[in-house]
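So the sequences go chain by chain: A and B. Just so you know, my numbering puts 71 at position 71 of the first sequence, and the rest follows in order with no gaps. Heads up, my numbering is the position in the second sequence plus 1000, with the first residue counted as 1. Backbone N, C-alpha and C define an ideal beta-carbon position, used for all residues, glycine too. Note sheet for the following structure.
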Amino acid sequence: MRFGPDFAQRCEAFAARLARRRVGREAAGRASVLGPGEEFAGHRPYRAGEDLRRLDWDLYARLDKPFVRVERREAGERWTVWIDRSASMGVGPPTKLQRAAECAAALARVGLGAGARVRLVLSPGADATPSSIVLRRAADWGAALARLQGVRAEGRAGLAALWSRERADCDRLFGVGDFLDGDARGWFVHQGRGRRLAGLQWLAPEEFAPRVGRAVLIDPETGDELPIDVDAPLVTRYERRLGEELDHWRAGAARHGARHHVASTAREFEDALAPLLED
Amino acid sequence: MFELDWSRPSALLALALPLALWVLARRPRPPRELATGTLAIWRELRPTGEPVGAARRRGVPWWVRFTMAALVCGALALAGPTPRPAEEERWIVVVDQRPGVFLPWVASDGRADERTRLDVALDRALALQLDPAEREWRRYVDGAWERATGAAPPDAWRVAPARPAVAPPWSEVDARGTLFVSDRRVDATLASPVWSGGGAVEGLVGRRGDRALYWRGGALAAGESLPPLRVAIDPEVPRELATLTAAWARERGAEIVAEDADLAVRAAPGGDGDDGEDSQDSKGSTGDAVRVRGASGWSWRGAARDLAVPGDARVLRRDERGAPRLVGTAGDLLLGLGEPFALDGDRRAAGLAWIAHLEDAVPPPAGAVALAARADAGEGGAVIGPDPAGRSAPRPGAPFAFWLTLGALACAAAAARAGAALRV
């Protein structure tokens, strides 16, 4: 798993784009996931791309340096991103783990930019316990990227291992994985009591649209094999069944007031992540 | 159907490409292994999977078939096919095979040549610079046309056939673009006669009684004794005619044999009148009483037998309705009448008429050539008439390369479409 050379730049641009849209929505009178809080918490340096209307002009006049106002809620938020690193995330290319790690890093960048404290939690994979990366300042982001780059898809424990064992002690909880290994109720139970839940379900292109022909399908987590002759009628039935599975997650999210988005790894992380943060 | 010429025949080697593609597409290959996170769903749909072997031979997918078709069309188009001149547009050479053409050719000064009259005539025909060079050769033996193509006739045609041939039906093939090759000039309306000519060649001309008959010193002379004539009489021949035949054979000192005869007297097989098919030349149903009348009031009356006329046979007698009732070649008489049979009118004349046919049907001894054929054939020559062009309606030129290229493009498009459809 490696980030591209322009990945950091893409994350900056993505965060700036979200910020611009947030201001647009505020001007239109709509709330936002990253919407402003009501209580003033302090200032932070202005970053390129941010809306100039958020600039504290008085402070700028006095200090001759640009600062923006930070409201209490945004500043004090705690974001947690659960990342599935089980072996099934190695399916691709591009692998699901690649996209999940990109999303986690981008979420961290956006959260830090909004003044939130971000915690990235990797599912146990082949290890006994999950590992986590805590980011309090923007400076922590580079180190987090380096750690994410060392992650490999392995083991059987995915997101379900996190939502069944981990405490979701945060304001916003993101789940990034293939959501193929657990009961939806275990995930949605974390929604509510001031916590907002958002799931991003990645599937590989061949999982969406399998090719016809003979194949031996292998479950990377269990090693189980299934020799099968895939023909067009079987593909149709598969797609229908997969559609039911995905609809189950979407319906559960809607029922619980959470968010859920499904994407193919053929798409870029920005396209998949934006709907979770902008809607 | 017509044949093709290729302007770039080496391009046909490209046909190996689709062949190689076919072999590659058919080679056994193990199934691909694919990791997936949705195995549970596949198990729902096919709980036990497929009983597939590790290396089953694969069917050829449609995109490969279309690609192969495109390659075949492309290779053929590249080779530049053009329609070969139709058969009707070639020169047709009709080669006489009668015994006289195989006599040695004798020049006007009496000098004999090692070549036969036919060799000389063919050399003359081959020396003609006629376009197109491709020829169709025809000869008439055993009552049927035999054909060959090429620049020259088969060598076997320069040797007399085992069974002496009769004159070809020249009128059937008297058309423009046709050469008649013989030892004497053949009358033709549109065809072009080429003949060898040649001086008289004395020798055996036939038989007289039980002796060979020679043409020597300008006169006919009896030669050595010949073996007794062997005559076979078919049991189907009406009794009266069989009796006459046997009497005639005894008178000539001939032997009556069952097979391997010099002269066979046969009757067409009888039918029940329902299942037999009439030949084109016969009229009236099998079994009907028909009558063959002679000039002096005699007649043969008998039950009609379905009689097919061999190609080299002559019709010797017809019944009152015009159907052939007696046909013959040298050494063979075939009768289209059966029992009940009777000689009517002047019975003696009726019997003599039959015996005259027997005499005529006696085959000449081996090597005999008719006196007329041995006679002086005069000077050789050739009269070239119209060429084959226009013998048939011109065939519209088919732009093969264009259509093949179009086919190749269509197949390539179909292959691309079929390949894209693999991802459903």
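Distance between residue j and residue i (C-alpha atoms, nearest Å)
| i | j | result |
| --- | --- | --- |
| Thr236(A) | Leu242(A) | 10 Å |
| Trp1354(B) | Arg1124(B) | 45 Å |
| Ala1212(B) | Pro1363(B) | 12 Å |
| Gly223(A) | Gly92(A) | 17 Å |
| Asp171(A) | His190(A) | 11 Å |
| Leu1371(B) | Val1205(B) | 6 Å |
| Glu1134(B) | Arg1090(B) | 6 Å |
| Leu1103(B) | Val1292(B) | 40 Å |
| Arg1111(B) | Pro1193(B) | 25 Å |
| Arg43(A) | Arg20(A) | Note on identity: in this sequence residue 43(A) is His, with Arg being the wrong assignment. Spanning the two alpha carbons is a distance of roughly 18 Å. |
| Gly1287(B) | Leu1316(B) | 21 Å |
| Pro1018(B) | Val1072(B) | 7 Å |
| Ala272(A) | Ala263(A) | 6 Å |
| Ser1171(B) | Trp1157(B) | 21 Å |
| Asp1312(B) | Ala1188(B) | 21 Å |
| Leu1021(B) | Leu1015(B) | 10 Å |
| Ala1408(B) | Pro1028(B) | 28 Å |
| Ala126(A) | Gly186(A) | 21 Å |
| Arg1321(B) | Gly1345(B) | 19 Å |
| Thr1048(B) | Glu77(A) | 50 Å |
| Gln149(A) | Gln98(A) | 9 Å |
| Ile228(A) | Arg137(A) | 51 Å |
| Ala144(A) | Ala253(A) | 29 Å |
Beta carbon of residue i nearer than 8 Å to that of residue j
| i | j | result |
| --- | --- | --- |
| Pro1154(B) | Ala1148(B) | yes |
| His256(A) | Gln201(A) | no |
| Ser88(A) | Pro210(A) | no |
| Leu1335(B) | Ala1268(B) | yes |
| Pro15(A) | Gly142(A) | The sequence given here places Ala at residue 15(A); Pro does not occur at that position. For Ala15(A) and Gly142(A), no; Cβs fall outside 8 Å. |
| Arg1117(B) | Ala1377(B) | yes |
| Thr1245(B) | Leu1358(B) | yes |
| Ile1092(B) | Gly1177(B) | yes |
| Trp1105(B) | Val1120(B) | yes |
| Ala116(A) | Pro1031(B) | no |
| Gly175(A) | Gly194(A) | no |
| Ser132(A) | Arg119(A) | yes |
| Ser1296(B) | Ala1356(B) | no |
| Ala1232(B) | Ala1258(B) | yes |
| Val1181(B) | Val1060(B) | no |
Closer than 7 Å: residue i CB and nearest the ligand MN heavy atom
| i | result |
| --- | --- |
| Val1072(B) | Among the components modelled here there is no ligand, and therefore nothing to report on the ligand MN. |
Residue from the options whose Cα sits closest to the Cα of residue i
| i | options | result |
| --- | --- | --- |
| Gly1294(B) | Asp1306(B), Gly1351(B), Ala1249(B) | Gly1351(B) |
| Ala1420(B) | Ala1107(B), Val1064(B), Leu1045(B), Arg1027(B) | Val1064(B) |
| Gly1217(B) | Asp1005(B), Thr1048(B), Arg1374(B) | Arg1374(B) |
| Leu1333(B) | Ile1092(B), Asp1319(B), Pro1061(B), Ala1361(B) | Ala1361(B) |
| Gly1270(B) | Asp1262(B), Pro1238(B), Ala1246(B) | Pro1238(B) |
| Arg1230(B) | Pro1365(B), Ala1415(B), Trp1215(B) | Pro1365(B) |
| Leu18(A) | Thr265(A), Ala146(A), Ala48(A) | Ala48(A) |
| Arg1314(B) | Ala1247(B), Gly1328(B), Glu1202(B), Val1369(B) | Gly1328(B) |
| Ala1438(B) | Pro1099(B), Trp1145(B), Leu1012(B) | Any property of residue 1438(B) remains undetermined from this structure, which presents chain B solely from 1001 to 1424. |
Exposed unless 16 or more other CB atoms sit within 10 angstroms - verdict on residue i
| i | result |
| --- | --- |
| Ile83(A) | buried |
| Ile1256(B) | exposed |
| Gly1367(B) | exposed |
| Gln9(A) | exposed |
| Pro1168(B) | buried |
| Ser86(A) | buried |
| Arg1184(B) | buried |
| Gly1338(B) | buried |
| Trp1195(B) | buried |
| Asp1109(B) | exposed |
| Phe1341(B) | buried |
| Ser1299(B) | buried |
Per DSSP, the bridge partner or partners of residue i
| i | result |
| --- | --- |
| His260(A) | Gly199(A) |
| Arg1211(B) | Arg1208(B), Ser1225(B) |
| Tyr1140(B) | Trp1145(B) |
| Val1093(B) | Trp1137(B), Leu1179(B) |
| Trp1195(B) | Ser1182(B), Gly1381(B) |
| Ala215(A) | Ile228(A), Arg1032(B) |
| Glu1255(B) | Arg1230(B) |
| Leu1334(B) | Arg1266(B), Val1327(B) |
| His43(A) | Arg69(A) |
| Gly1203(B) | Trp1215(B) |
| Gly1150(B) | Arg1135(B) |
| Phe174(A) | Val81(A), Ala198(A) |
### Query
Taking Cβ-Cβ distances below 8 Å as the criterion, which residues of the region 1016 to 1046 of chain B are in contact with chain D?
Absent from the structure: chain D. Protein chains present are A and B.
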